[in-house]
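First to last, the protein sequences are chains A and B. In terms of this note's numbering, the first sequence opens at residue 21 and continues consecutively. In terms of this note's numbering, the second sequence opens at residue 21 and continues consecutively.
Number of protein chains: 2
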Amino acid sequence: METATVAQRKVPRPRADALRNRERIVAAARDMFVECGAEVPFDEVARRAGVGNATLYRNFPDREALQREVVCSVLDRVSEQAEQMLAETGDAFEALSRFVHASAEERIGALCPMISETFDDNHPDLVASRERVEGLVEVLMERARGTGRLRTDIAVGDLMVAISQLTRPLPGTACLNMDRFVHRHLQLFLDGLRAPARSELPGTAVTMEDLRRA
Amino acid sequence: METATVAQRKVPRPRADALRNRERIVAAARDMFVECGAEVPFDEVARRAGVGNATLYRNFPDREALQREVVCSVLDRVSEQAEQMLAETGDAFEALSRFVHASAEERIGALCPMISETFDDNHPDLVASRERVEGLVEVLMERARGTGRLRTDIAVGDLMVAISQLTRPLPGTACLNMDRFVHRHLQLFLDGLRAPARSELPGTAVTMEDLRRA
DNA sequence: AAATAACCGGGGACCGTCTCCCCGTTTAGC
DNA sequence: GCTAAACGGGGAGACGGTCCCCGGTTATTT
Chain A
21 METATVAQRK VPRPRADALR NRERIVAAAR DMFVECGAEV PFDEVARRAG
71 VGNATLYRNF PDREALQREV VCSVLDRVSE QAEQMLAETG DAFEALSRFV
121 HASAEERIGA LCPMISETFD DNHPDLVASR ERVEGLVEVL MERARGTGRL
171 RTDIAVGDLM VAISQLTRPL PGTACLNMDR FVHRHLQLFL DGLRAPARSE
221 LPGTAVTMED LRRA
Chain B
21 METATVAQRK VPRPRADALR NRERIVAAAR DMFVECGAEV PFDEVARRAG
71 VGNATLYRNF PDREALQREV VCSVLDRVSE QAEQMLAETG DAFEALSRFV
121 HASAEERIGA LCPMISETFD DNHPDLVASR ERVEGLVEVL MERARGTGRL
171 RTDIAVGDLM VAISQLTRPL PGTACLNMDR FVHRHLQLFL DGLRAPARSE
221 LPGTAVTMED LRRA
């Protein structure tokens with residue numbers, strides 16, 4: 021009974037408080053990233069989490085590891101939102117719309133700079149979280165398109181980038197109560213997404229592939 | 021004949037190359053801010069401008085002075101765009117639309133973080149540039165609203181924030197060829213701005229006052 | 001064209017900030 | 001209650017940005 025359940029040998033299950041601390045660090049880091057950007061000092065994150073800085077460095081060897089963990093956790097939460105919206109059987113466009121507003125609540129926009137900056141795009145954890153959310157959004161859009169309520173000249177990349185941009189917080193420490201504005205602008209954007217299309221878009225539909233290449 | 025034209029006494033007109041250098045510095049700073057954010061080292065800006073760092077410090081005593089100059093110059097250029105669109109006598113919504121796309125070209129989104137961050141909002145130059153552009157956009161929107169093509173539940177703040185957000189570059193050094201996407205998303209947003217409104221917006225119309233208060 | 005004063009450029013010292021290790025103390029788990 | 005793992009905070013070291021100094025250069029004046 022040295023190792024629990026499916027834990028590998030040699031790693032004798034971390035202590036309970038260690039896991040709790042790790043969670044608190046991730047949560048604090050997410051908040052700090054949203055408020056102050058991806059360059060916040062590690063010591064600040066530790067202080068916010070209520071742990072010593074050594075604990076932080078023990079859990080995450082470098083900044084990238086911490087950022088990745090935060091990004092993955094947010095992407096996963098967004099995926100859960102998408103699954104929830106897919107589970108409900110109401111209007112497909114309405115489901116997409118609610119997903120967009122829910123994603124804003126998760127502050128997905130704050131993490132975009134991190135993903136784009138120096139960052140190993142090919143880390144398995146990140147790839148997994150990303151593909152999951154992409155697939156789900158794809159289905160959401162496909163359904164809405166199928167009911168004829170979503171214009172047909174857009175793709176997943178268009179939606180994801182727009183959400184990210186419209187929900188990105190300003191670097192200034194304050195400005196977190198701009199949520200009232202954010203949902204207005206998301207709604208306006210969603211109105212532009214409805215079929216029939218009210219204008220011809222420049223360029224071609226943006227897929228996730230396109231984004232990765234840029 | 022010691023001082024030229026309307027120059028005050030005691031300031032015997034700066035040398036021609038000094039003025040040229042100042043212009044080059046502002047242009048370089050604008051580019052650097054867009055590409056790398058507002059925190060670029062002064063020495064980098066100087067190098068890009070092709071001048072020594074001392075020349076930069078001579079012209080701008082501190083970072084804020086440089087940032088303000090850049091912001092004002094961009095706001096003024098956007099104002100010129102607005103005036104041009106107002107001068108043309110075609111469809112009012114089309115004029116607004118073209119103004120939005122033109123503003124994106126001026127990279128107005130890149131400067132928003134600067135305005136929001138530590139920054140003296142009350143500097144006369146800044147106030148002047150800001151009021152000018154606000155007034156012009158107000159007129160543009162009023163005209164479009166008058167023709168019944170623009171939905172009536174939005175205000176200047178809604179449009180300005182959305183433009184800024186949708187055109188904000190990602191911090192990563194690359195990603196400057198995302199322009200192809202940006203104009204798509206601006207167009208989608210503009211489609212959402214058209215009358216008749218396709219949904220009810222949360223909250224209330226955002227004025228410039230609202231933004232200043234937040 | 002020569003004189004002169006303003007201007008320029010780059011090197012380097014100073015300084016604040018972030019990172020990351022060390023070690024005495026605490027705490028979970030058996 | 002014992003043991004080993006985890007914790008916390010202080011501080012050394014390194015990195016990067018700011019800003020000054022001064023020898024050389026260039027625009028302007030007569």
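Backbone N, C-alpha and C define an ideal beta-carbon position, used for all residues, glycine too. The structure displayed is predicted, hence computed values, not measured ones.
Check, Outcome
"DSSP state of B:ARG214, grouped into three classes?", "strand"
"Between the Cα of B:ARG165 and those of B:LEU213, B:GLY129, B:SER99, spot the shortest distance and give me the residue it belongs to.", "B:LEU213"
"Should A:ALA124 and B:HIS205 be called a contact, given that it needs their Cβ atoms to be closer than 7 Å?", "no"
"Only counting the same chain, and skipping five residues up and downstream in sequence, which positions put a Cβ closer than 7 Å to that of B:GLN28?", "Caution is warranted here: a pLDDT of 45 is assigned to B:GLN28, below 50, making its placement in the model unreliable, and the coordinate value is therefore given only provisionally. So no residue of the chain qualifies."
"Which residues, in order along the region 175–195 of chain B, keep a beta-carbon less than 7 Å from a beta-carbon of chain A?", "ASP178, VAL181, ALA182, GLN185, LEU186, ARG188, LEU190, PRO191, GLY192, CYS195"
"Give the secondary structure of B:LEU170 by DSSP, where H, G and I count as helix, E and B as strand, and everything else as coil.", "strand"
"Can you grab the Cα-Cα spacing for the pair A:ALA225 / B:ARG40, in whole Å?", "43 Å"
"Keeping to the same chain, check which residues put their C-beta closer than 7 Å to that of A:ASP145; ignore five residues upstream and five downstream.", "ARG88, CYS92"
"Excluding the five sequence neighbours on either side, which residues of its own chain have a C-beta within less than 7 Å of the C-beta of B:CYS132, listed in chain order?", "SER184, ARG188"
"Report the three-state DSSP secondary structure of A:ALA58 (helix, strand or coil).", "coil"
"Is there a C-beta anywhere in chain A that falls below 7 Å from the one on B:ARG29?", "For B:ARG29, the pLDDT reaches just 47, beneath the cut-off of 50, and the residue's location in the model is therefore unreliable, although a value from the coordinates is still provided. It does not: the Cβ of B:ARG29 has no partner Cβ on chain A nearer than 7 Å."
"Residues of chain A with a CB under 8 Å from the CB of B:HIS205: which are they?", "ASP178, VAL181, ALA182, GLN185, PHE209"
"Any beta carbon of chain B sitting closer than 7 Å to that of A:GLY212?", "yes"
"Does any CB atom of chain A fall closer than 7 Å to the CB of B:GLY223?", "yes"
"So, for A:MET108: in the same chain, excluding its five sequence neighbours on each side, which residues have a beta-carbon less than 7 Å away from its beta-carbon?", "The sequence as given places Glu at residue 108 of chain A; Met does not occur at that position. Excluding residues within five positions, the ones whose Cβ falls inside 7 Å are ALA115."
"Ordered along the chain, which non-local residues of its own chain (more than five positions away) have a Cβ less than 7 Å from that of B:LEU210?", "SER117, VAL120"
"Closer than 8 Å is the cut-off here; do at least three beta carbon pairs connect the region 73–90 of chain B with the region 48–64 of chain B?", "yes"
"Please list the terminal residues of the continuous alpha helix (DSSP H) segment that includes B:ILE183.", "176–187"
"Sort B:GLY57, B:GLU158, B:GLY70, B:ASP63 by Cα distance to B:ARG44 and report the nearest one.", "B:GLY70"
"At a CB-CB cut-off below 7 Å, which residues of chain A make contact with B:PRO61?", "Going along chain A, no residue has its Cβ under 7 Å from B:PRO61, so there is no contact; the nearest lies around 14 Å."
"In terms of residues, what are the limits of the alpha helix (DSSP H) holding A:PRO133?", "132–136"
"Using Cβ-Cβ distances below 7 Å, what residues of the region 94–108 of chain B are close to chain A?", "none"
"Mind checking the region 143–158 of chain A against chain B and listing, in chain order, the residues whose C-beta falls within less than 7 Å of any C-beta there?", "none"
"Is any beta-carbon of chain B found at less than 7 Å from that of A:PHE113?", "no"
"DSSP state of B:LEU156, grouped into three classes?", "helix"
"Compare the C-beta of B:SER123 against all C-beta atoms of chain A and say whether one is closer than 7 Å.", "no"
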